[in-house]
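Trainee:
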Amino acid sequence: MNDVDKVKSPCIRQCCLDEQDVCLGCGRSLQEILDWTKVTETERAAVLVRAQSRKKQRNQMLEPKFK
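With the sequence shown counted from 1, adding 2 to any position gets you the working numbering.
1) For my contact list, Leu64 and Val9 are in at a C-beta cut-off of 8 Å; report their separation, rounded to the angstrom.
2) Taking buried to mean at least 16 other C-beta atoms within 10 Å of its own C-beta, is Pro12 buried or exposed?
3) Can you list, in chain order, the residues of its chain with a C-beta nearer than 7 Å to that of Ile80? Leave out the 5 residues immediately preceding and following it.
4) In the DSSP assignment, what residue or residues form a beta bridge with Val24?
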């Protein structure tokens with residue numbers, strides 16, 4: 003696999019960890035960030051799915067609830 007095909011890091015350089023050690027910028031856990039360069043492309047893809055899910059959940063919690 004060449005560099006173009008590799009799963010790219012979702013880092014957007016807005017690193018700030020919440021109480022659960024999840025980055026508010028990219029949605030990855032601290033452990034996922036630390037392991038990024040060590041894991042396979044398949045594992046990276048799974049990390050991206052989890053990160054997107056976390057970001058979506060966080061955004062839903064922050065949305066104002068109007069009745």
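The beta-carbon is built from N, C-alpha and C at its ideal position, and this holds for glycine as well.
Note that the coordinates shown come from a computational prediction; the quantities given were computed from them, not determined experimentally.
Mentor: In short, the structure shows the following:
1) Their Cβ separation, rounded to whole angstroms, is 27 Å, which puts Leu64 and Val9 out of contact at 8 Å.
2) It is buried - the Cβ of Pro12 has at least 16 other Cβ atoms within 10 Å.
3) No answer is possible for residue 80: the residues shown for the chain start at 3 and end at 69.
4) Paired residues: Ser31.
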